Amino acid sequence: VIAAGASPKEVAELLRSTPQLEKAALGDFLSERGEATQQILTHFVAGFDFSDQPIDGALRLFLQAFRLPGEAQKIDRLMEAFAKALFEANPEPFANSDAAYVLAFAI
Numbered sequence: 001v002i003a004a005g006a007s008p009k010e011v012a013e014l015l016r017s018t019p020q021l022e023k024a025a026l027g028d029f030l031s032e033r034g035e036a037t038q039q040i041l042t043h044f045v046a047g048f049d050f051s052d053q054p055i056d057g058a059l060r061l062f063l064q065a066f067r068l069p070g071e072a073q074k075i076d077r078l079m080e081a082f083a084k085a086l087f088e089a090n091p092e093p094f095a096n097s098d099a100a101y102v103l104a105f106a107i
């Protein structure tokens, strides 16, 4: 399971590589407030290869890993992390990560 003192990157890798985790619980955990959880989320999202992916395909790939929580603020945190990673992988079609966020949220 998770060793004491595990880095956020190690936790994120464990979460991504454990398909037995309940997807709803994973989405709920990743969207929690807090610096440690946000670092885990950042590393979790960085594990996806969004390069040369259209936004709808990248979003589908991202959302297959977990289930979106019901709370709007939690969804917002997940979508913001997704948009930043998508923009870093594909800066060309977007002016900035905010533009990717707005479009992803609209989908």
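Here UniProt numbering is used: the first residue of the sequence shown is 1, the next is one more, and so on.
Where is the CB? At the ideal position from N, CA and C, for every residue including glycine.
Source: prediction; values computed, not measured.
Got a sec? Which residues, its chain only, sit under 8 Å from residue i by beta carbon, not counting five neighbours each side?
i	result
residue 98	83
residue 96	87
Less than 7 Å between C-beta atoms, sequence neighbours within five positions excluded: which residues of the same chain meet that for residue i?
i	result
residue 50	58, 85, 86, 89 and 90
residue 69	27, 28, 31 and 75
residue 56	107
Does residue i come out as helix, strand or coil in the three-state DSSP assignment?
i	result
residue 109	Since the first and last residues shown for the chain are 1 and 107, residue 109 lies out of range.
residue 35	helix
residue 57	helix
residue 52	coil
residue 27	helix
Would you mind sorting residue i into buried or exposed? The rule is 16 or more other CB atoms within 10 Å of its CB.
i	result
residue 102	exposed
residue 107	exposed
residue 120	Lying before the first or after the last residue shown, residue 120 is absent from the chain, which here runs from 1 to 107.
residue 77	buried
residue 24	exposed
residue 100	buried
residue 104	buried
Along the chain, where does the alpha helix (DSSP H) that runs through residue i open and close?
i	result
residue 105	97 to 106
residue 10	8 to 16
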